[in-house]
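From first to last, the protein sequence lines are chains P and F.
The first sequence maps to residues 1 to 139 in the UniProt record's numbering.
The second sequence maps to residues 1 to 233 in the UniProt record's numbering.
Backbone N, C-alpha and C fix where the C-beta goes; we use that ideal spot for every residue, glycine too.
Shown next, in structure tokens, is the structure this report addresses.
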Amino acid sequence: MPFKRYVEIGRVALVNYGKDYGSLVVIVDVVDQNMALVDAPDMVRAKMNFKRLSLTDIKIDIKRTPKKKALIEAMKVADVKNKWENSSWGRKLIVQKKRASLNDFDRFKLMVAKIKLVLHAQRAGAARQELAKLKNSAA
Amino acid sequence: MAPKTKTARVSRNPELVRGIGKYSRSKMYHKRGLWAIKAKNGGVFPRHDPKPKVSEPVEKPSKFYPADDVKKPLVNKRKPKPTKLRASITPGTVLIILAGRFKGKRVVFLKQLQSGLLLVTGPFKINGVPLRRVNQAYVVATSTKVDVSAVTCEKFDDKYFTKESVKKKKKTEGEFFEAEKEEKSVLPQEKKDDQKSVDAALIMAIEGVPELKAYLAARFSLKAGMKPHELVF
């Protein structure tokens, strides 16, 4: 079981603790054994402990400590946003956020829709059984 | 001439430091125009004779003093205001009632009454909640709003909802042993008509939104995994 996601310059990581919780950042330099220099298009470059980062599969092509403009350019070239939103991890997070932001009315509509689906599936199943019975009796 | 609105008296001597003005006595004399007042009055500062004193009616000493000193209560000029309405509660908001006979019911808010209580209606046809008063503390405000511009609730106030005082009849011995005849208080037709008129406009607005009617008809309940402090209402 070798490691697949390494800490390297250009590795995209998810912040899992602290003020920037839930945001994607790029590792731009390594300070020492515990800390990395981390940057994102909408934040000031800062040190962050590795324990606060969850590495993702996405890696972008940058040199050590690029300028902000170069970083944004590289992120656009690598299409980080779309890759993240289409990955299963990214999609899960989006669904979680949506569920947490549901209104009481939205939750009600969701419940009604789920019940309708189940009923529909049941009716379809019952209809299929009836059809099979008729076919057998005709044959 | 219309009466001149009095402007507050402002000092013409700006303060440099606390207690020290910018201008000296002589400069201020000139600024205030005392020289002009004197000139108008012929070199002398105008003197006004004191007004003739209005003699106050002589108060006779009272003939009676109470034996003990009775303390007078302090004067209280407090005027109670209706409870501050939460910013999330506006006319047309759907509220969830948390306690009482209608707990869990989702209800439409109409207005806040003078006593601070909230005037609320089911509507009656949808979930059985009539025009009713509800305390703000026992209510969760959702972010769902219904259009109540077509509803007039001006005539409803706290007096409309007070219970009519029933005179207690003295029971004679015979009546004690009779089965208690409860006089059922019937809701007056006028109140039923009020309910209908308020609900008519509301129900039209509600049916315009898909699934809102079923939403209001259903009761709210916490299910497994729902954390009220994390829920967005």
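Checking the DSSP bridge columns, you'll see residue 79 of chain P has no partner listed. For the segment 24-36 of chain P, there are no residues whose beta carbon sits under 9 angstroms from a beta carbon of chain F. A direct Cα-Cα distance of roughly 21 angstroms separates residue 156 of chain F from residue 106 of chain F. Excluding sequence positions up to five before and after residue 205 of chain F, its CB lies within less than 6 angstroms of the CB of 146 and 147, all in the same chain and listed in chain order.
In this model, residue 76 of chain P and residue 102 of chain P are separated by some 31 angstroms (Cα to Cα).
Counting the other Cβ atoms within 10 Å of the Cβ of residue 127 of chain F gives 16 or more, which makes it buried. With respect to residue 105 of chain P, residue 144 of chain F sits close: the two C-beta atoms are nearer than 8 angstroms.
Counting other Cβ atoms within 10 Å of its Cβ, residue 131 of chain F reaches 16 or more and is therefore classed as buried. The three-state secondary structure of residue 115 of chain F, taken from DSSP, is coil. Here the segment 47-55 of chain F makes no contact with the segment 98-117 of chain F; the two share fewer than three CB pairs at distances below 8 angstroms. For residue 120 of chain F, same chain residues with a beta-carbon under 6 angstroms away, outside a window of 5 residues either side, are 107, 109, 132 and 134 in chain order. Proximity of residue 160 of chain F to chain P, defined by a Cβ-Cβ separation below 8 angstroms, is not satisfied. A direct Cα-to-Cα measurement between residue 70 of chain P and residue 88 of chain P gives close to 28 angstroms. Taking C-beta separations shorter than 8 angstroms and ignoring five residues to either side along the sequence, the partners of residue 35 of chain F in its chain run 29, following chain order. For residue 55 of chain F, there is no enclosing beta strand (DSSP E), as DSSP marks it with neither H nor E.
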